[in-house]
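Heads up: the protein sequence lines correspond to chains V and L, in order. Letter 299 of the first sequence, counting from 1, is numbered 292 in my numbering, and no numbers are missing. Letter 199 of the second sequence, counting from 1, is numbered 192 in my numbering, and no numbers are missing. Using N, Cα and C, we set each Cβ at its ideal position, and we do this for glycine too.
2 protein chains.
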Amino acid sequence: MPTIRDVARTAGVSVATASRALNGHSNVTDGLRKRVTDAAAQLNYIPHSGARSLTRQRSDAIGVVLPDLFGEYFSELVRGIDRIAHQAGLQLLLSNMHGSAQSTATAIRAMRGRVDGMLIMPPETDPAYLVSSLPPGLPTVLINYPSGLVDLPSVAIDNCYGARAMTEALLSRGYHRIAHISGPRDNRDARERLRGFTDAMHESGNEQSPLILPGDFTEEAGAEAARLIIAGNVAVDAVFAANDMMAVGCLAVLREAGIMVPDQIAVAGFDDIPLARFTYPALSTVEVHIADMGAAAMSLLLAQLHDQDAPTQDQLLKPALMMRGTTAMNHKSMRQSTANDQREERELS
Amino acid sequence: MPTIRDVARTAGVSVATASRALNGHSNVTDGLRKRVTDAAAQLNYIPHSGARSLTRQRSDAIGVVLPDLFGEYFSELVRGIDRIAHQAGLQLLLSNMHGSAQSTATAIRAMRGRVDGMLIMPPETDPAYLVSSLPPGLPTVLINYPSGLVDLPSVAIDNCYGARAMTEALLSRGYHRIAHISGPRDNRDARERLRGFTDAMHESGNEQSPLILPGDFTEEAGAEAARLIIAGNVAVDAVFAANDMMAVGCLAVLREAGIMVPDQIAVAGFDDIPLARFTYPALSTVEVHIADMGAAAMSLLLAQLHDQDAPTQDQLLKPALMMRGTTAMNHKSMRQSTANDQREERELS
DNA sequence: TGCGTTTGTGTAACCGGTTACAAAGATTTC
DNA sequence: GAAATCTTTGTAACCGGTTACACAAACGCA
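Take a look at the structure:
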């Protein structure tokens, strides 16, 4: 593997000249430049980015540390990040913190010296520990982390706002006895969604202690919640699940039990997973643009990279409602919102 | 940001001793080692991985170059790669070659000097060009690339085998007039699936020139194919789409037209996307373990990394059939395979 | 006590680039 | 024609680690 010294020797110049020629500096005569580029081509020279970034004091790479690397959520996030990073000529160094705070620290430390900045989506862990394991002076943006806890800019989805909006939309459609299937108690998103729901219910004055069913974001949890409602014969005219998978599970059990959706009970979810458009009836949900969150985080980081102390405004992305068949207001027609019926009503931007 | 020289100075030792102490070499007295680790902790020293990899001549990172960074396919692939890479203590440097062969070469060159090996999923481009832009001597494994074209180990899904197996399964269930909705002509997977289908049909002797409808992997293409079949009143008792999205589009149009699936026409797809279990009836398809392909590629690369000239056996991963409601043999019962009915019949391993 | 061996530490070279500075040559200015 | 300035090139230091080698001290053995 040839180095720049090989190129210089072949071209009959010094390494300094070779470096300058290859990097397009202006103070190199055309003749020499050609000799250098020819030599580089002949030797099939590829510069060693590692060595380059050592002297340049920049790597043109940014580190991305995520709690998990799977599912639509992950790929969307990375896609959004890459969209911005690529056009800025930055590479992505990806790391998965496999659960423990310990391995999070390891992952973060391993990035030092090979990235110019970091994007971190931290688990629900001690923020102090997170900050302590962070290389000081390395521009960092947090993803989906409540602002205020640590002194770093962050980007997050406004889960509370989304849940509140969906709840209000249900109320305005005439559903008043709304039950909520909550997500895991130790999940920040789930807690925020629950809060949005209860806030909206309290403010409406319709129901002071709405039914909250426990869930864990799985399809089965949604199914179980539906069984509880049916068995308990609870007076409920709408179910708002904290995510789409639970809504899907709920929907299936309700239909199986012969309960008409949305005529007897409306159903709503959260996330707008691809499947949501294909349930029967199509699922009303809250559309979360994960890719946009990734892009926003990357843009924020880019600003920091460009100007070390750029103003760092935390960002809260507002999700939009996607009202489909499972919450139709018109109770007469059931033949609406089939899989290929893609009329969608976007209510909020 | 403190360097190892700062640590050495604080501990009152030479950089060599500091380095040895921090890396756990045995030839350091306990007293000095403690002084060094204490100094490192006090200064919050984090080693500079870039500099480290320069001398070590290894980066403990591998480069992953993919044609696109979105969808389930991508996240599954990365998940499989990470599973193996993480337990080997390797980081992932991710790169998207945005379409052009030009930018592929750029992406690959940018990795030189910061990775120990590469995993590449090349586009349908000139293999010679690909190889020429590859740093020689850098262990590389190709993903989903036909073996034989270039002299590099590769891992791929046996699309032809999967399509053949599904076609034979349909034939054995009594469907003989099978139409195929093909994928884009310039897509390797699509061509292989088509080949598997036509091979199986020819060998069966049932139909010498089966109907091939053009498609492009989109839901709409599947819908259009279904409309063609309905409008043309073609004698067809099964449709095998080259991917699930087209099968879903096809299914929706057939149902809308009042055609009973699977009684009048059976439908099958390819990929086993999450949605496949939730269509009505649930979609029979070919299960492709993308994560396994990523893991296999990473394992192959790991073997190369460990032993520069380990035997490089190309791998062809055989997909499995998932027969669900859209190809049921029993035509009497329609109430099968609803969303929450997850009985699945695994036919091949 | 003197000699060879082992052990622990420091000095300095090296990885592969970039760039400050010096020097030489070309050009301009008086 | 000499001095001042600008341009082009080379030498060598540097980025932040690792490690070959040299060397001194401690140890074992006759």
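Leaving out five residues on either side along the sequence, give the residues of the same chain with a beta carbon under 6 Å from the beta carbon of residue i.
| i | result |
| --- | --- |
| V:Ala288 | Gly73, Arg76 and Ile77 |
| L:Thr99 | none |
| L:Glu185 | Asn152 and Cys153 |
| V:His173 | Phe190, Ile205 and Phe233 |
Grab me the residues of residue i's own chain with a C-beta within less than 7 Å of its C-beta, minus the 5 sequence neighbours each way, in chain order.
| i | result |
| --- | --- |
| L:Ala32 | Val0, Thr3 and Ala4 |
| V:Leu83 | Asp53, Ala54 and Ile55 |
| V:Ala81 | Leu295 |
| V:Thr272 | Val241 and Leu244 |
Tell me the DSSP secondary structure of residue i in three-state form.
| i | result |
| --- | --- |
| V:Ala290 | helix |
| L:Asn89 | strand |
| L:His282 | coil |
| V:Met239 | helix |
| L:Ile55 | strand |
| L:Met(-6) | coil |
| L:Gly189 | helix |
| V:Gln257 | coil |
| V:Gln308 | strand |
| L:Val134 | strand |
| L:His195 | helix |
| V:Val246 | helix |
| L:Gln301 | coil |
| V:Met316 | strand |
| L:Leu204 | coil |
| V:Ile266 | coil |
| V:Val148 | strand |
Contact criterion: CB-CB distance below 8 Å. Does residue i meet it with respect to chain L?
| i | result |
| --- | --- |
| V:Gln257 | no |
| V:Gln84 | yes |
| V:Asn137 | no |
| V:His91 | yes |
| V:Glu65 | yes |
| V:Gly130 | yes |
| V:His18 | no |
| V:Ser292 | no |
| V:Ser52 | yes |
| V:Met(-6) | yes |
| V:Ser365 | Summary: the structure shown does not reach residue 365 of chain V, with chain V confined to residues -6 through 342, and so no result is reported for it. |
| V:Arg317 | no |
By the 10 Å Cβ neighbour count, where 16 or more other Cβ atoms means buried, how is residue i classified, buried or exposed?
| i | result |
| --- | --- |
| L:Arg105 | buried |
| L:Gly17 | exposed |
| V:Ile150 | buried |
| L:Arg178 | exposed |
| L:Glu196 | exposed |
| V:Cys227 | It is worth fixing the name first, because residue 227 of chain V is Val in this sequence and not Cys. Result: exposed. |
| L:Gln308 | buried |
| V:Met316 | buried |
| V:His299 | exposed |
| V:Arg270 | buried |
| V:Ile205 | exposed |
| L:Pro203 | buried |
| V:Thr48 | exposed |
| L:Asp265 | buried |
| L:Thr371 | Since the first residue of chain L shown is -6 and the last is 342, residue 371 of chain L is not available in this structure. |
| L:Gln201 | exposed |
| V:Glu338 | Unreliable placement is indicated for V:Glu338, whose pLDDT of 40 sits below 50; the coordinate value is still reported in the next sentence. The residue in question, V:Glu338, is exposed, as its Cβ has fewer than 16 Cβ neighbours within 10 Å. |
Between residue i and residue j, which are expected to be in contact by the criterion C-beta below 8 Å, what is the C-beta distance as a whole number of angstroms?
| i | j | result |
| --- | --- | --- |
| L:Gly215 | L:Gly225 | That pair is no contact at about 16 Å. |
| V:Pro267 | L:Leu268 | 6 Å |
| L:Met90 | L:Pro128 | Their Cβ separation, rounded to whole angstroms, is 16 Å, which puts L:Met90 and L:Pro128 out of contact at 8 Å. |
| V:Thr305 | V:Phe233 | Between V:Phe233 and V:Thr305 the Cβ distance is about 34 Å, and since that is not below 8 Å, they are no contact. |
| V:Glu213 | V:Gly176 | Rounded, the Cβ-Cβ distance is 13 Å, inconsistent with contact. |
So, at 8 Å on beta carbons, what are the nonlocal neighbours of residue i in its own chain, with the 5 sequence-adjacent residues on each side left out?
| i | result |
| --- | --- |
| L:Asn37 | Pro(-5) |
| V:Arg51 | Asp109 |
Can you check whether the C-beta of residue i is within less than 8 Å of a C-beta belonging to chain V?
| i | result |
| --- | --- |
| L:Leu47 | yes |
| L:Phe271 | yes |
| L:Asp144 | no |
| L:Asp75 | yes |
| L:Arg105 | yes |
| L:Pro267 | yes |
| L:His169 | no |
| L:Leu25 | no |
| L:Gly43 | yes |
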